[in-house]
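Engineer: The structure's right below; bear with me while I get my questions together.
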Amino acid sequence: MAMTAVRSIGAGGPASLSRFRGALVASVLGDCVGGEFEGAEEVPMDRVLQHLNGLEDDNRGDCILQYSDDTAMTQCVVESLLTRAGFDERDMAARFALEYSHFPGRGYGAGVVQVLKKLASPTLNDVYQPAQAQFSGRGSFGNGGAMRAAPFALAFRKPDDIKKFSRLGAMLTHSCSLGYNGAVLQALAVHLSLQGALEKPHDFISKLISEMEEVEGEDAARSDARVLNEPEFPFCERLYKVKDLMEQNNVSIEEVIFKLGNGIAALHSVPTAIFCVLHCLEPREGLPEHYGGLERTMAYSLALGGDTDTIACMAGAIAGAHYGIDAIPQTWQRCCEGAEVAYDTAQRLHTLYLQSLTEGDSGTNSEPHSHSSAQPPTK
Ligand SMILES: [Mg+2]
Numbered sequence: 001m002a003m004t005a006v007r008s009i010g011a012g013g014p015a016s017l018s019r020f021r022g023a024l025v026a027s028v029l030g031d032c033v034g035g036e037f038e039g040a041e042e043v044p045m046d047r048v049l050q051h052l053n054g055l056e057d058d059n060r061g062d063c064i065l066q067y068s069d070d071t072a073m074t075q076c077v078v079e080s081l082l083t084r085a086g087f088d089e090r091d092m093a094a095r096f097a098l099e100y101s102h103f104p105g106r107g108y109g110a111g112v113v114q115v116l117k118k119l120a121s122p123t124l125n126d127v128y129q130p131a132q133a134q135f136s137g138r139g140s141f142g143n144g145g146a147m148r149a150a151p152f153a154l155a156f157r158k159p160d161d162i163k164k165f166s167r168l169g170a171m172l173t174h175s176c177s178l179g180y181n182g183a184v185l186q187a188l189a190v191h192l193s194l195q196g197a198l199e200k201p202h203d204f205i206s207k208l209i210s211e212m213e214e215v216e217g218e219d220a221a222r223s224d225a226r227v228l229n230e231p232e233f234p235f236c237e238r239l240y241k242v243k244d245l246m247e248q249n250n251v252s253i254e255e256v257i258f259k260l261g262n263g264i265a266a267l268h269s270v271p272t273a274i275f276c277v278l279h280c281l282e283p284r285e286g287l288p289e290h291y292g293g294l295e296r297t298m299a300y301s302l303a304l305g306g307d308t309d310t311i312a313c314m315a316g317a318i319a320g321a322h323y324g325i326d327a328i329p330q331t332w333q334r335c336c337e338g339a340e341v342a343y344d345t346a347q348r349l350h351t352l353y354l355q356s357l358t359e360g361d362s363g364t365n366s367e368p369h370s371h372s373s374a375q376p377p378t379k
């Protein structure tokens, strides 16, 4: 077995403030540093390390690297969850639309832009409808729901709530199960990491598989998989591949890309991001010895090429929840637009999370509320 238990020294106990901050700030970091290589087919590790070394240069000043749609939409999710003290689909949809109208140049995909424009309409009754109309009614299976899923793991503590609301939050733009189930998987990975589950990597991946077996057992997921010619339980199948790769002593980047993917589909990027975190729990050949696990995860995610900003953003959220904020070099944080905002909002989410614990103990409301008027929309 290639992996053993790995301690996340300094991250604090389960669901510590340090882990909350680590999750949100490293997600921004991944988005910002990943922009450099987005869409590149091959990214030599030398170039990645050069890019990351450049962040150490004091002369570069603050806010050099701008964030993209990943962080813009994550901020909308965070603000909506905080303002409404729970999930409110209309509020979240309105924030997405407003954010896009103010800053349309953040690298949104052409498909989601159509949805965001429709969500801006004051006469829209069903906020899930524009996403459902996408791609001849099949909906999008891109990773746009997953890239912004981390805050659901910070606002809710029960896995059932995390699954329910991360799914609904993703369905505002991605109504295909291969899109929204990627968001569920990403949120569950952040949740487990926040609880310290990455100290036992094999248990971590096994828990994710058993959660996703339930999630993908639903009729909609099975029928989407059939229509799209994917195996039954497509995310579980990928997670089993992650497990196999974990057992190997030497894994080439080409093999990871071939088996897991590095593209814009949620299926080809969420399991990949999870693998990046697991693979980098230990020192790896080709990565600087002085790098800690968080730095290794960042560098490795970028070296995979493809949808680098989103894969690094998702891997960052999971890794940050494990290692905590102190594992992210200050110089790196200072180079990223949005890192400071993430640092502050993580504290507000932590307060909300703790409130739900206290309220749960006293037997009253056990969770932030759902203002959702609808059941999960049917397709
Ligand atoms: Mg992006």
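So the sequence shown is residues 1 to 379, counted in the numbering used here.
Glycine included, every Cβ here is placed at the ideal spot set by N, Cα and C.
Please read these numbers as outputs of a predicted model, since none were measured by experiment.
1. Could you tell me the alpha carbon to alpha carbon distance between W332 and L82, rounded to whole angstroms?
2. Whole angstroms are fine: how far does the CA of A72 sit from the CA of R106?
3. Assess contact between the stretch 111 to 128 and the stretch 180 to 200, defined as three or more Cβ pairs (one per stretch) separated by less than 8 angstroms. Is contact present?
4. Let me know the alpha helix (DSSP H) ranges lying completely inside the stretch 29 to 81, each 4 residues or longer, listed in chain order.
5. Would you identify the three-state DSSP class for C313, choosing helix, strand or coil?
6. Below 8 angstroms on the Cβ atoms is my guess for L396 versus A312; work out the distance and round it to an integer in Å.
7. So, at 7 angstroms on beta carbons, what are the nonlocal neighbours of P130 in its own chain, with the 5 sequence-adjacent residues on each side left out?
8. Which first and last residues belong to the alpha helix (DSSP H) in which N181 is found?
9. Could you give the C-beta distance for Y323 and G54, rounded to a whole number, given that I count them as a contact under 8 angstroms?
10. When you compare each of A197, I257, G320 to G306 by their alpha carbons, which one comes out closest?
11. Pull up the distance between the alpha-carbon of R222 and that of K164, whole angstroms please.
12. Which residue wins for smallest C-alpha separation from Q186, given the options G144, D203, D88, M45?
13. Could you give the DSSP three-state label for C336: helix, strand or coil?
14. Is the beta carbon of F212 less than 7 angstroms from the beta carbon of C176?
15. Does the beta-carbon of G68, which I'm using as the reference point, lie nearer than 6 angstroms to any heavy atom of ligand 1?
16. Just to check, is the beta-carbon of G39 closer than 6 angstroms to a non-hydrogen atom of ligand 1?
17. Given that a residue counts as buried once 16 or more other Cβ atoms are within 10 Å of its Cβ, and exposed if not, what is L354?
18. Any heavy atom of ligand 1 closer than 6 angstroms to the beta-carbon of D244?
19. Alpha carbon to alpha carbon, how far is S206 from A153? Give it in angstroms, no decimals.
20. Mapping DSSP to helix, strand and coil, what is G105?
21. Quick check on the burial criterion: 16 or more other C-beta atoms within 10 angstroms. Buried or exposed for T345?
22. Spatial neighbours of R19 within its chain, please: CB distance less than 7 angstroms, with the 5 preceding and 5 following residues excluded, ordered by chain position.
23. Is G107 close to ligand 1? I mean its beta-carbon at under 6 angstroms from any heavy atom of the ligand.
24. When you measure from the CB of D126 to every non-hydrogen atom of ligand 1, does any distance come out below 6 angstroms?
25. Given L17, which residues of its chain have a CB within under 6 angstroms of its CB, disregarding the five upstream and five downstream residues?
26. My guess is that C336 and V28 are in contact by the Cβ rule of under 8 angstroms, so how many angstroms apart are they, rounded?
Structural biologist: With the structure as the only source:
1. 27 angstroms
2. 8 angstroms
3. no
4. 45 to 54
5. helix
6. Past the boundaries of the shown model lies residue 396; the chain is included only from 1 to 379, so the question cannot be answered.
7. V115, K118, L119
8. 177 to 194
9. The Cβ separation is near 22 angstroms, so there is no contact.
10. I257
11. 18 angstroms
12. G144
13. Strand.
14. According to the sequence as given, residue 212 is Met; it is not Phe. No, Cβ-Cβ distance for M212 and C176 is not below 7 angstroms.
15. The displayed chain sequence assigns Ser, not Gly, to residue 68. S68 Cβ: within cutoff of ligand 1.
16. no
17. In summary, L354 is exposed, with fewer than 16 beta-carbon neighbours lying within 10 Å of its beta-carbon over all protein chains present.
18. Answer for D244: no, Cβ out of range of ligand 1.
19. 18 angstroms
20. coil
21. buried
22. A11, G12, L194, A321, G324
23. yes
24. no
25. H350
26. Contact between C336 and V28 holds: CB atoms are separated by about 5 angstroms, below the 8 angstroms threshold.
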